[in-house]
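Under my numbering, the first residue of the sequence shown is numbered 2, with each subsequent residue one higher. Just so it is clear, CB atoms sit at the ideal spot from N, CA and C, and this is done for glycine as well. Remarks on the structure that follows.
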Amino acid sequence: MGSHLVYNVPKLVQSKMLPAALLLASALNAKTAIVQLKPDSTSNLGATISGTVKFEQPDKNSLIKITLDIKGLAAGTTHGWHVHNLPVPPSQNCTAAGPHFNPMNKTHGAPEDEVRHYGDLGNFVTDYKGDAFVVATDRLLSLFGDTAVNALNRGLVIHQNADDLGRGNSSLSLTTGNAGGRLACGNIVEVTDSYNTLTGTSSIDGVTVTQSVAPAYTLSDAPVYITTANQDYHLVSGATTIGSAIAFVLALGGFLLGML
2 MGSHLVYNVP
12 KLVQSKMLPA
22 ALLLASALNA
32 KTAIVQLKPD
42 STSNLGATIS
52 GTVKFEQPDK
62 NSLIKITLDI
72 KGLAAGTTHG
82 WHVHNLPVPP
92 SQNCTAAGPH
102 FNPMNKTHGA
112 PEDEVRHYGD
122 LGNFVTDYKG
132 DAFVVATDRL
142 LSLFGDTAVN
152 ALNRGLVIHQ
162 NADDLGRGNS
172 SLSLTTGNAG
182 GRLACGNIVE
192 VTDSYNTLTG
202 TSSIDGVTVT
212 QSVAPAYTLS
222 DAPVYITTAN
232 QDYHLVSGAT
242 TIGSAIAFVL
252 ALGGFLLGML
């Protein structure tokens, strides 16, 4: 009879391999999208506004993390912001983004409400310089799933006024939150290896809009945020490249092989 080699993987190694494998799977499944905020082209209300919104989601079952970094608004003001149903066209007409993203046909509300639009993100307040930095999570928005229910390629709009969260006395409270005019907007574009040169079409609810996405920064400059012990978020570096992700995967694979 021939001899057989039997490899027994120690339990300690097994216990290390499983979390590492789960981490690797999560890294491969994760999605990130960036919005490049620009002023609305049809008015001068938001002419000084610039900024980004970053969406991060590890997998389809995880909450989505949303990071808003905006400058150029009036100091100490409150503004509603929403994901809208359609893409913003190259003309930068924010009105063309249509109504709030609302695939379940609900009435408008606050982010924490059971009854709300998918696109309802509530309000943010600017500081003494007219800037705002917000980190939030949301239970309804997703970068995964069917086109009808995920947020990719839809427009995100910054509004002139505070959102009344569906609690106002106006007839608009349950549709727009009385958030007023559209100051700035941009499209929720997934970060991929072709992110910097993406040109194509987005078809949402039968409306196709050709869009050319050219962010102000490259992938290597994309903001990276960490959480400190007191839960404050800080911009720490700009090393979010596809190459670094590949390097991480290769290094993790080598680590796992080294334990066998």
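Neighbour-count burial assignment, residue i, 16 or more Cβ in a 10 Å radius
i: Asn103; result: buried
i: Val84; result: buried
i: Ala163; result: buried
i: Pro91; result: exposed
i: Ser4; result: Because the pLDDT at Ser4 is just 45, under 50, the model does not fix this residue reliably, and the point stays unresolved.
i: Gly47; result: buried
Alpha carbon of residue i to alpha carbon of residue j, nearest angstrom
i: Thr177; j: Thr49; result: 24 Å
i: Leu69; j: Val192; result: 16 Å
i: Ala75; j: Gln161; result: 10 Å
i: Ile35; j: Tyr119; result: 18 Å
i: Ala152; j: Lys55; result: 12 Å
i: Leu38; j: Asn170; result: 31 Å
i: Gly167; j: Pro112; result: 11 Å
Coil, strand or helix - residue i by DSSP
i: Ala31; result: coil
i: Thr43; result: coil
i: Thr79; result: strand
i: Thr49; result: coil
i: Thr177; result: coil
i: Thr138; result: strand
i: Thr68; result: strand
i: Ala133; result: strand
i: Ala185; result: strand
Selection from the options that minimises the alpha carbon distance to residue i
i: Gly182; options: Ser92, Thr43, Ala31, Tyr119; result: Thr43
i: Leu29; options: Leu144, Thr78, Pro59, Arg140; result: Pro59
i: Ala180; options: His80, Thr33, Gly73; result: His80
i: Asp165; options: Asn45, Thr53, Arg117; result: Arg117
### Task
Flag this pair as touching only if the stretch 102 to 119 and the stretch 54 to 67 have three or more C-beta atom pairs under 8 Å; answer yes or no.
no
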